[in-house]
Ligand code: ADP
Ligand code: MG
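Shown next as structure tokens:
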């Protein structure tokens, strides 16, 4: 990243906005360190852009009788009637009784008695501010903030109080919400003159947005509740606008600068080409409408002369693999090689087998390269990849290790993108010129609105149609009490020739315990389904790749009836004869993970079932998750539910190492504003790409200034 330009010219005074936060009065190096770690705040500017989470209207004084709602912050005013100890069995506490015209309210202190007694005087009038809590069925205020009323001036200064996000550590260092507010106001006093407008006037006027300085004042120190909304509208738009600006600029830049290999459409469509013959003669089924549309979108890219960087999104089982294969054939028809990278050994192996089967009879050499490939074989593969004798290589990240060098790489397909880091992915194709086209496949359904905005610099294709004849999976949420019925059901289905998965959770922190549960579960299932009538097997992440493969093989061949497993089977595995998925302690899995697991069944003609077995104690959120799964098979619908429950960052993987994509905007709630921001950014960029027009000078100035600061999340 570049620094601020400093080529000669007059020396500009260093902007106070970029002053390190430790130099703010009352902060110092110790707090600065925690601020950086917990809230990502390192400069004055960062603190100014720390927005309140909510506000408390302290201009309001609630009559004592009306104090009711538990957990709510209230401010009351009254005379301190008494201040006395009350003794419990273990300890004692201090109770003050406040009285106004409407009634009384107890104030309670469990700690710091001596100080409180010194500070408060019975008979005086106070403002008390705190959070309502119930004790012996009466509302009380524990540990309220007390202000002595000395005259009318005490209440004249009451304001709306912003509450800032803080952390446990910061609170301990006496940097809680209130102190943060003071710190923000101190910064504000010092930098307010430096705050320049960054949106063109005409944009602001047409959208009726307040000025930047005004908005920042309002958000931190609102005079009325309306001002908060006015400020938010402006600041959200600003944030979304520059986010969209960045995406649009990247997109434009890519279209202009990145030349791509041209795959000729004639070569792809000509009879006798691999692509043509495969679709016409080898494909065992008709492509769905969605698959055909997506292929058209891809071919459009490939023939355009610009570099393709496309995200192929499609729910579990929607048929992404065949789309990838056809795209690889297009590369081969044009004299190039193709590579496909998958996140796990099992998945890579499976892709390799599927593709080999589909390509059977075609003069195409396809090979598998993973960590488990023997060294001798690897050397041979490296050689044949480099000489161009191998057309398609399928593998794991072993592909990006030393030694793999393609002769003419034309296309890189990457499956299940969220498992690879952005940089890791790029290593697959970066070293080649011309740059190979990239097709990223993901089964993580991202709601359409969001994928447009988050992956704005990738082109997105969506397979939104399932192959015909699929029977929707029946999903049931059951409790552990119903396990006997579940085993009975599995027994019946095995008798009909089907197979089942039973999945146990392995969550890292409690790994040991989880493995014990898995082992115990497996033993129980073995005793319930004894040999020789039944054959069971276990699969987990601690097994060696070769062992895992052997187990998967046996299951795929139908030699194993029940596969007891962890989530290692989550992605991609395809055994159409398996029709039952039982997930133990389902409440411990995330929504998309459960959806992925469920996607392991329902892949053949038989009716499939998913049983989500939940433990006795389940949170409301987990309940919502499980209910959503029982209600729908639609991954996009589920993604929206997930999004509401968890927020966008975690789903898309963009919230990496505390890097928050948005400070104030909410990409879900503010979709309309997001769309407006996108249109505005695109219009400006298309009408005035070099920002020559005087009315766009605000943008030039701001972008220059902020280039070093902007932590825009890059989604490759
Ligand atoms: P995913 O999108 O989850 O990777 P796959 O590519 O594994 O899905 O496809 C799931 C199954 O559907 C495979 O067995 C595949 O052969 C089959 N399939 C794909 N496309 C079609 C189609 N158009 N008609 C029928 N079956 C299809
Ligand atoms: Mg797949």
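Numbering (my numbering), first residue to last: 3 to 718.
Just so it is clear, CB atoms sit at the ideal spot from N, CA and C, and this is done for glycine as well.
Identify which residue in the options has its Cα closest to the Cα of residue i.
i: residue 323; options: 151, 190, 417; result: 417
i: residue 341; options: 300, 155, 400; result: 400
i: residue 546; options: 476, 500, 375, 502; result: 375
i: residue 362; options: 276, 344, 119, 682; result: 276
i: residue 335; options: 642, 304, 378, 315; result: 304
i: residue 398; options: 349, 287, 360; result: 349
i: residue 52; options: 390, 189, 575, 345; result: 189
i: residue 317; options: 86, 505, 640, 234; result: 640
i: residue 327; options: 354, 437, 685, 691; result: 354
i: residue 161; options: 473, 63, 617; result: 63
i: residue 565; options: 590, 597, 602, 351; result: 602
i: residue 346; options: 240, 94, 571, 386; result: 571
i: residue 478; options: 526, 588, 508; result: 588
i: residue 556; options: 540, 568, 544; result: 540
i: residue 97; options: 523, 84, 274; result: 84
i: residue 672; options: 498, 118, 243, 486; result: 243
i: residue 551; options: 533, 575, 535; result: 575
i: residue 480; options: 618, 563, 502; result: 618
i: residue 80; options: 110, 21, 126; result: 126
i: residue 71; options: 677, 695, 142; result: 142
i: residue 210; options: 197, 223, 231, 157; result: 231
i: residue 145; options: 137, 171, 113, 530; result: 113
i: residue 42; options: 168, 75, 237; result: 168
i: residue 414; options: 151, 396, 40, 404; result: 396
i: residue 487; options: 325, 119, 613, 248; result: 613
i: residue 536; options: 88, 548, 559, 563; result: 563
i: residue 445; options: 462, 314, 484; result: 314
i: residue 467; options: 296, 578, 633, 596; result: 296
i: residue 36; options: 174, 533, 647; result: 174
i: residue 138; options: 443, 691, 110; result: 110
i: residue 695; options: 203, 520, 615; result: 203
Flag residue i as yes when its Cβ comes closer than 6 angstroms to any non-hydrogen atom of the ligand HEM, and as no otherwise.
i: residue 282; result: Only the ligand ADP and the ligand MG can be found as ligands here, which leaves the ligand HEM out of the picture.
Write down the C-beta distance between residue i and residue j rounded to the nearest angstrom, noting that I regard them as a contact closer than 8 angstroms.
i: residue 246; j: residue 680; result: 4 angstroms
i: residue 28; j: residue 250; result: Not a contact, Cβ separation roughly 41 angstroms.
i: residue 643; j: residue 586; result: Not really, about 22 angstroms apart at Cβ, beyond 8 angstroms.
i: residue 394; j: residue 500; result: Residue 394 to residue 500, Cβ: 33 angstroms. No contact.
i: residue 496; j: residue 611; result: About 13 angstroms separates the two Cβ atoms, so there is no contact after all.
i: residue 439; j: residue 178; result: The Cβ separation is near 52 angstroms, so there is no contact.
i: residue 73; j: residue 134; result: 7 angstroms
i: residue 129; j: residue 181; result: About 19 angstroms separates the two Cβ atoms, so there is no contact after all.
i: residue 66; j: residue 107; result: 5 angstroms
i: residue 630; j: residue 687; result: Rounded, the Cβ-Cβ distance is 39 angstroms, inconsistent with contact.
i: residue 23; j: residue 49; result: 6 angstroms
i: residue 411; j: residue 384; result: With 8 angstroms as the limit, residue 411 and residue 384 do not qualify as a contact, their Cβ atoms being about 14 angstroms apart.
i: residue 463; j: residue 288; result: Contact doesn't hold; Cβ gap of about 19 angstroms is too wide.
i: residue 293; j: residue 321; result: 6 angstroms
Run through the DSSP bridge pairs and tell me what residue i is partnered with.
i: residue 77; result: 131
i: residue 417; result: 443
i: residue 111; result: 96
i: residue 311; result: 440
i: residue 87; result: 96
i: residue 137; result: 140
i: residue 368; result: 394
i: residue 613; result: 478, 584
i: residue 565; result: 503, 539
i: residue 101; result: 81, 106
i: residue 701; result: For residue 701, which the question treats as bridged, DSSP gives no partner whatsoever.
i: residue 22; result: 45
i: residue 411; result: 339
i: residue 406; result: Residue 406 is not bridged to any residue.
i: residue 316; result: 465
**Contained beta strand (DSSP E) runs [length at least 3] in the segment 143-229, N- to C-terminal order** = Qualifying beta strand (DSSP E) stretches, in chain order: 147-150, 162-165.
**Prompt:** What are the start and end residues of each continuous alpha helix (DSSP H) run of 4 or more residues lying completely inside the segment 470-500, in chain order?
**Reply:** DSSP runs (the alpha helix (DSSP H)) wholly in the segment 470-500: 485-497.
**Message:** Could you tell me which whole alpha helix (DSSP H) segments of length 4 or greater appear in the segment 236-288?
**Reply:** Correct list: 267-271, 276-279.
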